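J.: One structure follows; several queries about it will come next.
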Amino acid sequence: MTNPIAPDLPATGRMPVKPRAGVWRRLVKRPLALIGLVIVAVVVAGAILAPWLTGYDPNEQMFDGLTLEGAPLPPNASFWLGTDLLGRDLLTRILFGARTSLIIGIVANGVALLIGTLVGVTAGYFRGWIGGALMRFTDLMMAFPALLLAICLAAVLQPSLWIVAMVIALVNWVQTARVIYTETSSLAEREFIDAERTIGASAPRILFRHILPHLLPTIIVWGTLGISTTVLLEATLSYLGIGVQPPTASWGNIIFENQTYFQAAPWLVFFPGAAILALALAFNLIGDALRDILDPTQRGRA
Amino acid sequence: MSKGAGSKRTGAFAPAVSVTAGPVLDISGLTVSVRGEDGERPVVSDLSFSLARGETLCIAGESGSGKSMTALAIMQLLPQPAARIESGTIRLHDRGRGDMDRRYIDLAVLDERRMRRIRGDRIAMIFQEPMTSLNPVLSIGRQLVESIEAHTDLARAEARRRAVEALKAVRISEAESRLKQFPHELSGGMRQRVMIAMALALKPDVLIADEPTTALDVTVQGEVLELLRDLQREHGTSIILITHDMGVVAEMADRVVIMRHGRMVEQGTAAEIFSRPQADYTRELLAAVPRIGTGVGRQKSAEQKSVEAEMPGSVAVVNDLHVRFDLRGGFFGQVNRRVHAVEGVSFSIAPHETLALVGESGCGKSTTAKALAGLVPYHGDIVIGGRNLAGLGRDQRKAVRRDVQMIFQDPYASLDPRMRVGDLVAEPLLIHGIASKEERSQLVAALFERVGLSADQMELYPHEFSGGQRQRICIARALALRPKLIIADESVSALDVSVQARVLDLLKELQREFAIAYLFISHDMAVVENISDRVAVMYLGQIVEMGTRYQVFSNPRHPYTKRLIEAVPVPDPARRRPRFARLDQEIPSPTRKIGEDPPKLALRDVGNGHLVAVS
Numbered sequence: 138m139t140n141p142i143a144p145d146l147p148a149t150g151r152m153p154v155k156p157r158a159g160v161w162r163r164l165v166k167r168p169l170a171l172i173g174l175v176i177v178a179v180v181v182a183g184a185i186l187a188p189w190l191t192g193y194d195p196n197e198q199m200f201d202g203l204t205l206e207g208a209p210l211p212p213n214a215s216f217w218l219g220t221d222l223l224g225r226d227l228l229t230r231i232l233f234g235a236r237t238s239l240i241i242g243i244v245a246n247g248v249a250l251l252i253g254t255l256v257g258v259t260a261g262y263f264r265g266w267i268g269g270a271l272m273r274f275t276d277l278m279m280a281f282p283a284l285l286l287a288i289c290l291a292a293v294l295q296p297s298l299w300i301v302a303m304v305i306a307l308v309n310w311v312q313t314a315r316v317i318y319t320e321t322s323s324l325a326e327r328e329f330i331d332a333e334r335t336i337g338a339s340a341p342r343i344l345f346r347h348i349l350p351h352l353l354p355t356i357i358v359w360g361t362l363g364i365s366t367t368v369l370l371e372a373t374l375s376y377l378g379i380g381v382q383p384p385t386a387s388w389g390n391i392i393f394e395n396q397t398y399f400q401a402a403p404w405l406v407f408f409p410g411a412a413i414l415a416l417a418l419a420f421n422l423i424g425d426a427l428r429d430i431l432d433p434t435q436r437g438r439a
Numbered sequence: 157m158s159k160g161a162g163s164k165r166t167g168a169f170a171p172a173v174s175v176t177a178g179p180v181l182d183i184s185g186l187t188v189s190v191r192g193e194d195g196e197r198p199v200v201s202d203l204s205f206s207l208a209r210g211e212t213l214c215i216a217g218e219s220g221s222g223k224s225m226t227a228l229a230i231m232q233l234l235p236q237p238a239a240r241i242e243s244g245t246i247r248l249h250d251r252g253r254g255d256m257d258r259r260y261i262d263l264a265v266l267d268e269r270r271m272r273r274i275r276g277d278r279i280a281m282i283f284q285e286p287m288t289s290l291n292p293v294l295s296i297g298r299q300l301v302e303s304i305e306a307h308t309d310l311a312r313a314e315a316r317r318r319a320v321e322a323l324k325a326v327r328i329s330e331a332e333s334r335l336k337q338f339p340h341e342l343s344g345g346m347r348q349r350v351m352i353a354m355a356l357a358l359k360p361d362v363l364i365a366d367e368p369t370t371a372l373d374v375t376v377q378g379e380v381l382e383l384l385r386d387l388q389r390e391h392g393t394s395i396i397l398i399t400h401d402m403g404v405v406a407e408m409a410d411r412v413v414i415m416r417h418g419r420m421v422e423q424g425t426a427a428e429i430f431s432r433p434q435a436d437y438t439r440e441l442l443a444a445v446p447r448i449g450t451g452v453g454r455q456k457s458a459e460q461k462s463v464e465a466e467m468p469g470s471v472a473v474v475n476d477l478h479v480r481f482d483l484r485g486g487f488f489g490q491v492n493r494r495v496h497a498v499e500g501v502s503f504s505i506a507p508h509e510t511l512a513l514v515g516e517s518g519c520g521k522s523t524t525a526k527a528l529a530g531l532v533p534y535h536g537d538i539v540i541g542g543r544n545l546a547g548l549g550r551d552q553r554k555a556v557r558r559d560v561q562m563i564f565q566d567p568y569a570s571l572d573p574r575m576r577v578g579d580l581v582a583e584p585l586l587i588h589g590i591a592s593k594e595e596r597s598q599l600v601a602a603l604f605e606r607v608g609l610s611a612d613q614m615e616l617y618p619h620e621f622s623g624g625q626r627q628r629i630c631i632a633r634a635l636a637l638r639p640k641l642i643i644a645d646e647s648v649s650a651l652d653v654s655v656q657a658r659v660l661d662l663l664k665e666l667q668r669e670f671a672i673a674y675l676f677i678s679h680d681m682a683v684v685e686n687i688s689d690r691v692a693v694m695y696l697g698q699i700v701e702m703g704t705r706y707q708v709f710s711n712p713r714h715p716y717t718k719r720l721i722e723a724v725p726v727p728d729p730a731r732r733r734p735r736f737a738r739l740d741q742e743i744p745s746p747t748r749k750i751g752e753d754p755p756k757l758a759l760r761d762v763g764n765g766h767l768v769a770v771s
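Residue numbers (this note's numbering), protein chains in the order written: chain A, 138 to 439; chain B, 157 to 771.
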């Protein structure tokens, strides 16, 4: 709504804004999005440069990493974020764990999002028996205990990081599919979709050029929510022995290993928790900004 | 409270001067502003008027004139926090007797708690869309009783009795049993009556009706207006009627306030406004109103005939078209009922001709259009350019469909808001592989110029245009493929009258220029008379009368056609029609049980191709 007061005044006199005139440039102009980008950059850099950033080995149980009574150390000068129950440096483990968590949070979550969107869009647009079959399958997947499915899959296949990622993707797409389905079916009822059909637009064209862009906000929200869910699901799987095998670190399994000692050694849960939160928040900030930038009706607003 | 008001309006047209009791509502210097992207901007500026007891004041104006904002300001229901009353007073006078010692409340500065007591009790409001103003999950009885209980100390049983009385007052039959019904079980007109009942149950001093009949069919509109008038006569309620429809104004108003861009352009009695408008804008507004019975639209029918003679054959032939929608129900979700939306409709459209399909909501006119445009599955034959669509494969069908394009009712809803308008107009060309990229953009630029937009607006998005401009974009888009037939489904209904007139002119020009045939679907008889060559009247999925514009309008034979034409409000207060006959029962539903097919109407030629259904 540019001019709700006098909608019949000519809309001329507005400078035509160059279109995709650098989505990136408009992204970095927004302070919140910039913060998000910086956080993601820091996490990625930390994951890649982990071996050079700390002097410790992530799996080394250090003699001076525990008190004389055998308790973990709180943050101090030599172990910045403290040590865990086995005397390993927490900072080092978080940095190395970022590799696992990024792969899970981005790749597994991304694949889940992709499957969910495709299933939801197809079912929502075509309805009929295709839609019915897809959605009943989705319901089935939703009702089926995710963990049991993951355990089965992991038992059949050899546990590895990529298998875990795949399992998580297969478990996590259902919610996205449900939400996308609902939105697509209401979008498909909109008049402009009918208008597209009258000019002879094919189904793929309508789906990808006209429906998908409208689903972006939802996809972005579910994508960012999915990061923390998937990271924690990975931790659960690790705990059950079918995820990333110990001693390999991931943010999720650091939390999981230590959560029972939360009161005695809060830093062991706090720091990896903060890391997950920061990553999810960062993606959320970027996603939010991206959604506004890609929505032409929001143009010109801060 | 209604003494003195009951006697007025004895003739077909009574001037407002008989209203003596003094104002009930007095607005002076009202300025409402809305905070937007570019700072605060007034939407109502320095508006002053007063409303006498028992009077009907119409606030008329086009969209964006600030008429609804005025109503919301009186009710203190302005959208928060963006809009606020900047200055001015809204004085609601007590039910005083003499001119001395008149006590009043200034609503503009009243706090929310006390305002709540005023709303409903002393000032009530009804809105345009009766479905959205009723809560769909509560029975209408409960909603009525609750609103009565909220304002009075009446016991439940007493409140219930009042509710039944209120429903009876708005001429709802079997009021007792209606209380148990839910909003979706009632038709639009019934729902609006319930809203009126709710508004009047507490006998307010002022009733504000914001476009109360805009969403209703013409025949229902006539009934609702009639009802408002009767009720006013009985209770002496003052009414502020907000409308864009000058016909409704002429029908209802004692006095009229014309607004534009938040300012009052003119005010006066209905007779003055219509017979001696002072302001230029009022004159323009009145001139733009499509009038039935003038038939100015088509002087060139002789020339028309010769064109038809030169181009034999029809652009489109529809033969025995049926569209039915299955409704599932029961335990296993089997099909147990069907909506017989279109039942055996046949017509043909000649090149360069405009066939209007008229009827009220639910009569199947839009469904017929959708079947023709390939949007709903159908039975029967649709022949376009001599080729029957039923026998064609997908690609062939796509090619034939190029010749039929559609313009929808709501230009905003029918344009993808995330695409640039230039791309939207280019899209049909792209889909059908016409022209190279550069040629395409030249073609699109030319189309933009042709429909009265400028080529450098191609880079903008739909929301950056006004309603009329958006409809021009839709027209450009429909034109892009150079179709032989354009289906215009209520394409000008959502537009303001002045814009509507210009868009209709454009459609006519384009028809001359490109020799397009139109299937023009509308509920508005006045517009139809303006643009059509031939008219088909639909009722409950079947055509009840079809003929040339002249045949149908000057000699309507079917009772339904007569009723439709009669129901159109005449924009002239001196020619207020006699009482409009009310239908006592609801219009029957096109939904039927399996196996119960509706009786098929036979059309009989009453002379020169004028077809009328015989029952």
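Heads up, the beta-carbon is just placed ideally off N, CA and C, and yes, glycines get one too.
Predicted, not measured: the structure shown is a model, and the values here were computed from it.
#1: Could you pull the start and end residues of the alpha helix (DSSP H) that Met-351/B belongs to?
#2: Kindly indicate which three-state DSSP category Ala-769/B falls into: helix, strand or coil?
#3: Kindly give me the distance between the Cβ atoms of Ala-291/A and Val-304/A, rounded to whole angstroms, as I take these residues to be in contact under 8 Å.
#4: Taking only beta carbons into account, state which residues of the region 584-607 of chain B come closer than 7 Å to chain A, listed in chain order.
#5: Between Glu-371/A, Ala-426/A and Pro-350/A, which lies nearest to Met-575/B when the distance is taken from Cα to Cα?
#6: In whole angstroms, what is the alpha-carbon distance linking Ile-364/B and Ala-611/B?
#7: 7 Å is my cut-off, CB to CB: does Ala-341/A come that close to chain B?
#8: Give a yes or no on whether the minimum CB-CB distance between Phe-393/A and chain B is below 7 Å.
#9: Please report the straight-line C-alpha distance between Asp-689/B and Phe-709/B, rounded to a whole angstrom.
#10: What ranges does the alpha helix (DSSP H) occupy inside the region 487-560 of chain B, keeping only unbroken runs of at least 4 residues that lie completely in it?
#11: Would you tell me roughly how many angstroms separate the C-alpha atoms of Ile-398/B and Ala-216/B, rounded to the nearest one?
#12: Could you name the residues of chain B that Phe-329/A contacts, counting a contact when the two beta carbons are closer than 7 Å?
#13: Against Ala-774/B, what residues of chain A qualify as contacts under a CB-to-CB distance less than 9 Å, listed in chain order?
#14: Locate the alpha helix (DSSP H) running through Ala-229/B, then write down its first and last residues.
#15: How many angstroms separate the CA atom of Ser-295/B from the CA atom of Val-350/B?
#16: Assess, as a yes-or-no matter, whether the region 181-192 of chain A is touched by the region 226-235 of chain A under the definition of 3 or more beta carbon pairs within less than 8 Å.
#17: Expressed to the nearest angstrom, what Euclidean distance is found between the alpha-carbon atoms of Gln-455/B and Thr-524/B?
#18: For the beta strand (DSSP E) that contains Tyr-674/B, what are its first and last residues?
#19: Please state if the CB of Ala-260/A and the CB of Gly-268/A are separated by a distance shorter than 7 Å.
#20: Per DSSP, which residues does Arg-416/B bridge with? Please list them.
#21: Buried or exposed: where does Asn-395/A fall if 16 or more other Cβ atoms within 10 Å of its Cβ makes it buried?
#22: Only counting the same chain, and skipping five residues up and downstream in sequence, which positions put a Cβ closer than 8 Å to that of Phe-200/A?
#23: Helix, strand or coil for Val-479/B? Go by DSSP, reduced to three states.
#24: Under DSSP, the alpha helix (DSSP H) around Val-265/B begins and ends at which residues?
#25: Using a Cβ cut-off of 8 Å, pull out every chain A residue sitting near Met-402/B, in sequence order please.
#26: Using C-beta distances below 7 Å, list every residue in its chain close to Ala-417/A, excluding the 5 sequence neighbours before and after it, in chain order.
#27: Taking DSSP as the reference, what is the three-state secondary structure of Thr-308/B?
#28: Closer than 7 Å, CB to CB, is Ala-214/A near chain B or not?
#29: Compute the distance between the beta-carbons of Arg-448/B and Val-648/B, then report whether it is under 7 Å.
#30: Return the bridge partner residues of Asp-194/A from the DSSP annotation.
#31: In its own chain, which residues sit with a C-beta less than 8 Å from the C-beta of Gln-284/B, not counting the 5 before and 5 after it?
#32: Can you give me the Cβ contacts of Ala-170/A inside the same chain, cut-off strictly under 8 Å, excluding the 5 residues immediately before and after it?
#33: Three or more C-beta pairs under 8 Å: does that hold for the region 582-597 of chain B against the region 673-684 of chain B?
#34: With distances taken between CB atoms, is the gap from Thr-187/B to Ser-224/B smaller than 7 Å?
#35: With a Cβ-Cβ cutoff of 7 Å, do Val-498/B and Val-479/B count as a contact?
#36: Using DSSP bridges, identify the partner residues of Val-200/B.
T.: In this structure, then:
#1: 344-356
#2: strand
#3: 6 Å
#4: Pro-584, Ile-587 and His-588
#5: Pro-350/A
#6: 44 Å
#7: Reading the sequence as shown, one finds Pro at residue 341/A and not Ala. No - not a single Cβ of chain B is within 7 Å of the one on Pro-341/A.
#8: no
#9: 11 Å
#10: 521-528 and 550-557
#11: 6 Å
#12: Ala-569, Ser-570, Leu-571 and Asp-572
#13: With chain B covering only 157 through 771, there is no way to say anything about residue 774/B.
#14: 223-231
#15: 11 Å
#16: yes
#17: For Gln-455/B, the pLDDT reaches just 46, beneath the cut-off of 50, and the residue's location in the model is therefore unreliable, although a value from the coordinates is still provided. Their backbone Cα atoms lie some 29 Å apart in a straight line.
#18: 673-678
#19: yes
#20: Arg-419/B
#21: buried
#22: Gly-224
#23: strand
#24: Here Val-265/B belongs to no alpha helix (DSSP H), and DSSP marks it neither H nor E.
#25: Within 8 Å Cβ-Cβ: nothing; Met-402/B doesn't reach chain A, min ~17 Å.
#26: Thr-361, Ile-364 and Ser-365
#27: coil
#28: no
#29: This sequence places Ile at residue 448/B; Arg is not what is there. In this structure, Val-648/B does not lie closer than 7 Å to Ile-448/B by Cβ.
#30: DSSP, once it has assigned bridges, lists no residue as partnering Asp-194/A.
#31: Asp-366, Glu-367, Pro-368, Thr-370 and Ala-371
#32: Leu-164, Leu-422, Ile-423, Asp-425, Ala-426 and Leu-427
#33: no
#34: no
#35: yes
#36: Val-188/B
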